[in-house]
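In our numbering, the protein residues as written are 34 to 337.
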């Protein structure tokens, strides 16, 4: 063995032993007891199922704030707004009621010492928070989650606002008297069979799909580094924007005047096309539709 290699190996071994000693000393300072790890993990894994329920007649606003949880809402035949969730050693929620506001809010994590150092993040993840709303209820809903998707299907709202990070947003078979606002990052936006006064949605590093969306006002949807697909959109104005992603779909050229713009990619809008991008306009409708991307193709056909 070469002399320089021996020196490297001896140095590495010395540093490893020194690091191990320092780590054990730190554990001792934290009051670490290796025999307690098993008990701590078992404690973390003991979930307490909870149900927070209020009569729908007493609830006008529903708010949920969580971390590392998926949120699923659907309508049902009951007469109460019901939230099903779970607590454990690391995950606890507060059930709050402020007038006609029903609130579920995740507490901040407060463990310290060796328990915090050895906290296994897997146990912070409950499967889901499930929300059941009566079919005849009409709520204002604000949902916020981090590292978890939100799925809302088959319900009616006065206003709907969904905000998450690192998670998908799905909104299906929903009606809303007011505006629907959707925002996520590193996750897809999937919107289908929706009626609202207006719709805004934004994501990054995620695909965007909108199908069968009818709005009395504007539809504004935006993504970056993700593709956009659409069909059967109705609104006073529609704006679909992306960067580094394709835009494909079907447009009613009788209802819309469509303007499409891209660069460094092909462009086809109805009967018009350009191999190298640029700007094209097609249609005779009173409503405006704007399609814009860069470094991504646009291919929009006439709706059948």
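All C-beta atoms, glycine included, are put in the ideal place defined by N, C-alpha and C.
Measuring only the C-alpha atoms, how far is residue i from residue j?
| i | j | result |
| --- | --- | --- |
| residue 148 | residue 183 | A caution first: residue 148 carries a pLDDT of 46, below 50, which makes its placement in the model unreliable, though a value can still be read off. Each residue's Cα considered, the two are about 30 angstroms apart. |
| residue 280 | residue 309 | 15 angstroms |
| residue 286 | residue 176 | 36 angstroms |
| residue 168 | residue 298 | 46 angstroms |
| residue 237 | residue 202 | 12 angstroms |
| residue 143 | residue 196 | Low confidence applies to residue 143: its pLDDT is 49, below 50, so where it sits in the model is not reliable, and the reading given next is rough at best. If I take the Cα positions, the gap works out to 25 angstroms. |
| residue 254 | residue 191 | 20 angstroms |
| residue 343 | residue 233 | Past the edges of the chain, shown from 34 to 337, lies residue 343, and the structure says nothing about it. |
| residue 135 | residue 122 | 24 angstroms |
| residue 162 | residue 129 | 16 angstroms |
| residue 333 | residue 294 | 12 angstroms |
| residue 117 | residue 241 | 29 angstroms |
| residue 109 | residue 198 | 28 angstroms |
| residue 185 | residue 259 | 22 angstroms |
| residue 315 | residue 212 | 29 angstroms |
| residue 102 | residue 94 | 21 angstroms |
| residue 319 | residue 335 | 16 angstroms |
| residue 328 | residue 200 | 25 angstroms |
| residue 90 | residue 303 | 50 angstroms |
| residue 208 | residue 292 | 28 angstroms |
At which residues does the beta strand (DSSP E) containing residue i begin and terminate?
| i | result |
| --- | --- |
| residue 171 | Note, residue 171: premise wrong, no beta strand (DSSP E); not H, not E. |
| residue 131 | 126–131 |
| residue 283 | 280–284 |
| residue 140 | Here residue 140 belongs to no beta strand (DSSP E), and DSSP marks it neither H nor E. |
| residue 247 | 241–248 |
| residue 272 | 270–274 |
| residue 203 | 202–209 |
| residue 92 | Careful: residue 92 lies outside any beta strand (DSSP E) and carries neither H nor E. |
| residue 259 | From DSSP, residue 259 is part of no beta strand (DSSP E); its letter is neither H nor E. |
| residue 197 | 189–198 |
| residue 120 | 113–120 |
| residue 330 | Unbroken run through residue 330: none, as it is neither H nor E. |
| residue 306 | 305–307 |
| residue 336 | Residue 336 -> no beta strand (DSSP E), and no H or E assigned at all. |
| residue 235 | 231–235 |
| residue 238 | Counting along the chain, residue 238 falls outside any beta strand (DSSP E), and DSSP gives it neither H nor E. |
| residue 298 | Premise fails: residue 298 is in no beta strand (DSSP E) and is neither H nor E. |
| residue 277 | Here residue 277 belongs to no beta strand (DSSP E), and DSSP marks it neither H nor E. |
| residue 107 | 104–109 |
What does the Cβ neighbour count give for residue i, buried or exposed, with the cut at 16 atoms within 10 Å?
| i | result |
| --- | --- |
| residue 223 | buried |
| residue 173 | buried |
| residue 141 | exposed |
| residue 305 | exposed |
| residue 337 | exposed |
| residue 311 | exposed |
| residue 88 | exposed |
| residue 48 | exposed |
| residue 313 | buried |
| residue 51 | exposed |
| residue 150 | Here the model assigns residue 150 a pLDDT of 43, short of 50, so the residue's position is not dependable, and the following value carries that caveat. Under this definition residue 150 is an exposed residue. |
Taking a contact to mean a Cβ-Cβ separation below 9 angstroms, would you say residue i touches residue j in this structure?
| i | j | result |
| --- | --- | --- |
| residue 326 | residue 277 | yes |
| residue 86 | residue 113 | yes |
| residue 139 | residue 194 | no |
| residue 187 | residue 206 | yes |
| residue 171 | residue 210 | yes |
| residue 246 | residue 261 | no |
| residue 178 | residue 98 | yes |
| residue 266 | residue 235 | no |
| residue 204 | residue 225 | yes |
| residue 137 | residue 96 | yes |
Give the C-beta separation of residue i and residue j to the nearest angstrom, bearing in mind that I take them to be a contact with Cβ-Cβ under 8 angstroms.
| i | j | result |
| --- | --- | --- |
| residue 290 | residue 321 | 6 angstroms |
| residue 104 | residue 181 | 7 angstroms |
| residue 330 | residue 300 | 7 angstroms |
| residue 256 | residue 275 | 5 angstroms |
| residue 264 | residue 283 | 5 angstroms |
| residue 111 | residue 165 | 7 angstroms |
| residue 272 | residue 323 | 5 angstroms |
| residue 92 | residue 127 | With a Cβ gap of about 17 angstroms, residue 92 and residue 127 do not count as contacting. |
| residue 84 | residue 115 | 6 angstroms |
| residue 251 | residue 268 | 6 angstroms |
Is residue i near the ligand ZN, judged by its Cβ being under 8 angstroms from some heavy atom?
| i | result |
| --- | --- |
| residue 288 | As for the ligand ZN, it is missing from this structure, which has no ligand bound. |
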